[in-house]
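Residue numbers (this note's numbering), protein chains in the order written: chain A, 1 to 710; chain B, 1001 to 1290.
Everything on this sheet refers to the single structure shown next.
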């Protein structure tokens, strides 16, 4: 940081041109980085792609080969190839960020830590990766990843610095190479997952903990933060903050939720330092804390810095990370986590449109999952939840389908009233009302016209109640007006529901019951449902017809396995090459677009961000439980732009696996799926399977199959 | 015979239904037509008895195959031992319904007819005392051209996209034996058959059998269109009744003179008999899918 400043100053002094540039343009650049949380959009990569994205696989392998010292010659090739392939897997997810505020911050902390190690600074690259795990990851080529989950959990820069120092030591001490050497003898490449490939020994972890102190101390951070880092790790399974749940969770004060629906008290937080770590990659927190306490004594004259970089910048990136955490929980269908986190963030960001829109999305999606009969899937592990969130789990477990549906309408309607301009919320509101028609054994006539609290008050003051009798003008009254009038009379003259906790849901949408729009939407949906019932059999014509429009090919997932199901890197690379070759031969000109970074010659930041959006789209599709309904996309707006730009494209997914079953038997199978980007519906899916190994004919056949009906 | 056929067909149908699950509706590179050119080889599995010994109990265990005799260009009687059949196969098939194939197959084979399994049953020329020359009879063995025409129905291994590695197919059709007329048929070295009707009754009339076959083929892909095939055929010909002990040509009691050397019933019975021993063929060749 200090070095950068020096160069900037000299540059400014050197030329007035630069002077002007910095005074005119620099403020713009700074303000461009400010995040408007009201219009929060998921973080995207910005600017020129870093080296690691543009290098080809071979270039990176060749470069690393010279640097590997701890792996024997026999396995050096394998090591470099496998470790780089794993890195590719991470990069291809589209989740790695560059040029964004979070990565910039992390890079600044990295520079601070490495200010006395210029060569190391040159070799290492730091990136933030969108992931809710509280984790940091060091990969062999010197690329270190910090998850948004970690950024959301830590409290200050110093804690981040310690975690980063820990990862730097893993790189410095070649821990990956050393542990690869150990695992090598038993088996190699059984898995491509980075965690499996680089299962570091506990000794390496202790060593990294201890040696990280040197970097950390030299950078001038406070020793008091170190124990907290271990606490952060220990409690990382909880959400990024822990606050009490009260009635404000449901927003509208008129919304009556019986307290009997909640568990009596929240599950206690049980995190335990001295857990059994025999099956874990890291030693348990107790052992690590003890070991580090001894190490801490070896250093003296600790400074007391928690932050070197402006504290506002840290708070800014922490907020971004927390918003990202909410978003990822929606994508992963962790609805209650998302709601609880929104509830936490609401305290700080009142009336934040992004949070409230996301809240509407969560409620609507959750309700649809419940209507699909899948409520238990998002409530699983309720018993293991600790802290306030366990109350939410308990509450939603108690709700039945009808109660959840009505509560959802209540929530989304309230949000609609707070943000009447928001198109997305309005659409969600209409959708949830339509969904009411799908509730089993639901009778709209049983809905009450007054809120539960008003009804209670009325009961208590029965004598003072004055019935409202007006002369009614029936001229020009439509059928629905008449029905409504009759119902109004009914509900004011007689109480249909008893005032007990079980009936609370009938009072939830008291203000909507006589709303014309509400009734129309509901009736329309009812009719539609009746119509659907009468359709006995309809042949899926889409399967036979050719698809029109553009095709977006998402990064195909190809894996070749050798003997005993072991991952075979060479064949996998061949697989990708052949797919690329066959696509060149067979793809219809101008209609097929590749949104992937496997074919990295044309890597651009724009297409990388698009890949990232598509990855999220696919993740949402695969995690959701409400298949009957059109997908409610968290990136609705961006997706709309994307669809418009590519002229209503279809997304093509290819997942293929080649396996050597025995000496003479090969198996090559793939799944091909076309997805409508607007609704998330699968337009066509086919299965391709041949008894061949990875070769031009088998891969060509797959590509042919994928493109045969477009 | 109809009863037998009924059981065969029932087996075939049930077997096909059992295999026909999980069929895919698409084809490998959209290949729907399969043209094959194969050659099949088949060991003639008829047991041979000794043609040297005249002893009553020492006739067994000489091997397998067919003895035949013919006259060469110098009209000298020659003997031969035919151990294998060679058959040429061509077929065309159309793939439908994902993994099924329906087609037509043509086979061609040329062979000597098996008259008897040892020379003892035939004429014996004694050179009193020491030298025994065993010649069953002097008439040339008939040579037949065999044509098969059959309809085939096949199933590819349903877990793979068709056409793929494994095909089981069934064929039902006709096996036609027709006497090869361009041979040097002779009654003996001095007497050629100038008129073949003296050689065989109704010599220009084919012998027709019903043929049922069950085949397995393993395809090894060379390019996306061309495959190398390996397979096993079972040729189950529905035979006529036969009686191998009667009607040897030129035997005592056999109609000679103005009558034909080979009676039709005898030939039919011998053809049926030998087909019974020629069930298994090994097949290899190329197939082209488009």
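Yeah, the Cβ is synthetic: ideal placement off N, Cα and C, and Gly gets one too.
Quick caveat, the model's predicted, so the values are computed rather than measured.
query = Do you know offhand how far residue 58(A)'s Cα is from residue 1100(B)'s?
reply = 45 Å
Proximal residues of chain A, C-beta to C-beta of residue 1159(B) below 7 Å = 689
ask   = Looking at chain A, which residues of the stretch 1205-1239 of chain B have a Cβ within less than 8 Å of any of its Cβ atoms?
value = 1221, 1223, 1224
task = Tell whether a beta-carbon distance below 9 Å holds between residue 390(A) and residue 258(A).
result = no
Span of the beta strand (DSSP E) around residue 1215(B) = For residue 1215(B), the uninterrupted beta strand (DSSP E) run begins and ends at 1207-1221, by DSSP.
Residue 1189(B) - DSSP class collapsed to helix/strand/coil = coil
ask   = If we cut at 9 Å on Cβ distances, does residue 575(A) have a partner in chain B?
value = no
ask   = residue 651(A) touches chain B at which residues, Cβ-Cβ below 7 Å?
value = Here the premise fails: no neighbours, minimum Cβ distance about 20 Å.
ask   = Taking Cβ-Cβ distances shorter than 7 Å, what residues in chain B pair up with residue 692(A)?
value = 1221
request  = Hey, could you find the ends of the beta strand (DSSP E) residue 594(A) is sitting in?
outcome  = Segment 592-595, the beta strand (DSSP E) holding residue 594(A).
query = In or out: residue 118(A) buried (at least 16 other Cβ within 10 Å) or exposed?
reply = exposed
message = Between the alpha carbons of residue 413(A) and residue 370(A), how many angstroms are there, rounded?
response = About 19 Å.
key: is_contact[residue 545(A), chain B] using C-beta, thresh 9 Å   = Taking CB atoms only, residue 545(A) has no neighbour in chain B less than 9 Å away.
task = Can you give me the Cβ contacts of residue 728(A) inside the same chain, cut-off strictly under 6 Å, excluding the 5 residues immediately before and after it?
result = Here chain A comprises residues numbered 1 to 710, so residue 728(A) is not present and cannot be evaluated.
query = Within 10 angstroms of its Cβ, does residue 1290(B) collect 16 or more other Cβ (buried), or is it exposed?
reply = Result: exposed.
message = Suppose contacts are defined by Cβ-Cβ distances below 9 Å. Is residue 703(A) in contact with residue 564(A) by that definition?
response = no
task = Taking all protein chains shown into account, decide if residue 1267(B) is buried (16 or more other Cβ within 10 angstroms of its Cβ) or exposed.
result = Classification of residue 1267(B): buried, given that the 10 Å Cβ count is 16 or more.
query = What residues from chain A crowd round residue 1029(B), counting only those whose CB sits closer than 9 Å?
reply = 697, 700, 701, 704, 705, 708
Proximity to residue 1177(B) [Cα-Cα], best of 1210(B), 1090(B), 1188(B) = 1210(B)
task = Name, going along the chain, the residues of the stretch 1259-1271 of chain B whose beta-carbon falls closer than 8 Å to a beta-carbon of chain A.
result = none
key: 9 Å Cβ cutoff, residue 190(A) in contact with chain B   = Because the pLDDT at residue 190(A) is just 39, under 50, the model does not fix this residue reliably, and the value given afterwards should be weighed accordingly. With 9 Å as the cut-off, residue 190(A) does not count as an interface residue toward chain B.
ask   = When the distance is taken between beta carbons, is residue 1066(B) closer than 9 Å to residue 1044(B)?
value = yes
inquiry  = In the DSSP assignment, the beta strand (DSSP E) including residue 673(A) goes from what residue to what residue?
reply    = 666-676
inquiry  = Buried or exposed, going by whether 16 or more other CB atoms sit within 10 Å of the CB of residue 420(A)?
reply    = exposed
query = Closest to residue 159(A) by CA distance: which of 446(A), 314(A), 547(A) is it?
reply = 314(A)
Contact under 9 Å by Cβ, residue 1040(B) with residue 1075(B) = no
query = Between residue 1191(B) and residue 1140(B), what straight-line distance do the alpha-carbon atoms span, to the nearest angstrom?
reply = 11 Å
request  = Please list the partners that residue 1165(B) has in chain A, where partner means a Cβ-to-Cβ separation under 7 Å.
outcome  = 691
request  = Give the straight-line distance between the Cα atoms of residue 1149(B) and residue 1175(B), rounded to the nearest whole angstrom.
outcome  = 7 Å
query = Using the C-alpha atoms, what's the distance from residue 168(A) back to residue 50(A)?
reply = 19 Å
Residues near residue 215(A) by beta carbon distance below 7 Å, same chain, minus five either side = Sequence-distant Cβ neighbours of residue 215(A) in its own chain, meaning closer than 7 Å and more than five residues away, are 113, 165, 168.
query = Among 68(A), 225(A), 239(A), which residue has its Cα nearest to the Cα of residue 173(A)?
reply = 68(A)
message = Let me check one thing: in DSSP terms, what residues is residue 1043(B) bridge-paired to?
response = 1084(B)
query = Just checking my contact of residue 83(A) with residue 139(A) at CB under 8 Å: how many whole Å lie between their CB atoms?
reply = 7 Å
task = List the endpoints of the continuous alpha helix (DSSP H) containing residue 63(A).
result = 57-65
inquiry  = Tell me which residue opens and which closes the beta strand (DSSP E) that residue 1289(B) is part of.
reply    = 1280-1289
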